[in-house]
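Engineer:
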Amino acid sequence: MPSERDQILFKKSLTYANGYRELGMFDEALAELENIDEMLSCKNELLKMRLAILMEAQRWQEALPTAHRLAAKESSDPGNVVNLAYVTRRSSGIESAKTILEKAVKLFPEEAIIHYNLGCYACCTGDTETAMKYLIRSFRLDPEYLEMSQKDEDLKSIREWLKLNKSKSL
């Protein structure tokens, strides 16, 4: 079990790493995480910080193992699955990411972000009907997604439909 001192140093390293991340100094942020005691290196806070740094740095291949690890360790957190799908999309393509979210939507049917992302993926692959179905569901779960959809590049091809539905109650 880590000592109180180790816990304090752990929190301090996370704070420093986050500061470097905010400054866009991604290598320095990752180096700060490498200084953390091995006993604490598998803590979820560290994994989440590492993933945030790698995602912001757009190092998709490097981020993939961490995203997988977090999704496996905290499978009850839909945010981890969404991050895994996002990293997978950037590193391996939409089809692989879609497979992840199609499983996730069964586990988390009330998570608007999963429906929204499935709608985006369907739109990107030309499946407009499926895209609309998922998007309507996401808008009903969380109306903020309707507003966000107006500027989403993935949804360019259905922009007119989105504008029409913005004024309607879905």
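All letters in the sequence shown, in the order written, are residues 1 to 170 by my numbering. Here a beta-carbon is modelled for each residue, glycine too, at the ideal position from N, C-alpha and C. Since we're looking at a predicted model, the values are computed, not measured.
With H, G and I counted as helix, E and B as strand and the rest as coil, what does DSSP make of Arg59?
Structural biologist: The answer is coil: DSSP assigns Arg59 none of H, G, I, E or B.
Engineer: Enumerate, from N- to C-terminal direction, the unbroken alpha helix (DSSP H) stretches of 4 or more residues contained entirely within the segment 105-159.
Structural biologist: List check, alpha helix (DSSP H) in window: 112-124, 128-141, 144-149.
Engineer: Relative to the C-alpha of Leu135, which candidate in Phe108, Asn165, Lys106 has its C-alpha closest?
Structural biologist: Asn165
Engineer: Kindly indicate which residue of Tyr116, Glu95, Tyr16 has the alpha-carbon position closest to the one of Ile53.
Structural biologist: Tyr16
Engineer: Report the CB separation of Leu33 from Leu51 in whole angstroms; it is logged as a contact under 8 angstroms.
Structural biologist: Contact flag wrong, Cβ pair sits at about 11 angstroms.
Engineer: Taking the C-alpha atoms as reference points, what is the distance between Asn83 and Ile158?
Structural biologist: 25 angstroms
Engineer: Identify every run of the alpha helix (DSSP H) within the segment 5-66, keeping only runs that are complete inside it and at least 4 residues long; order them along the chain.
Structural biologist: 26-34, 44-56
Engineer: Just to confirm the assignment: which complete beta strand (DSSP E) runs, minimum length 3, are found wholly within the segment 59-103?
Structural biologist: none
Engineer: Using a Cβ-Cβ cutoff of less than 7 angstroms, which residues in the same chain neighbour Leu155 once the five nearest sequence positions on both sides are dropped?
Structural biologist: Cys120, Cys123, Ser149, Leu162
Engineer: Would you call Pro109 buried or exposed, if buried means 16 or more other Cβ atoms sit within 10 Å of its Cβ?
Structural biologist: exposed
Engineer: Using the rule of at least 16 other Cβ atoms within 10 Å of the residue's Cβ for burial, across every protein chain shown, is Ser13 buried or exposed?
Structural biologist: buried
Engineer: So what's Lys163 in DSSP terms, helix, strand or just coil?
Structural biologist: helix
Engineer: May I have the straight-line CA-CA distance separating Asp152 from Ile113, to the nearest angstrom?
Structural biologist: 13 angstroms
Engineer: As a quick exercise: from Asn117, Ser92, Phe10, pick the residue whose alpha carbon is nearest that of Asn35.
Structural biologist: For the residues Asn117, Ser92, Phe10, the minimum Cα distance to Asn35 belongs to Phe10.
Engineer: How big is the Cα-Cα spacing for Glu160 and Lys168?
Structural biologist: About 13 angstroms.
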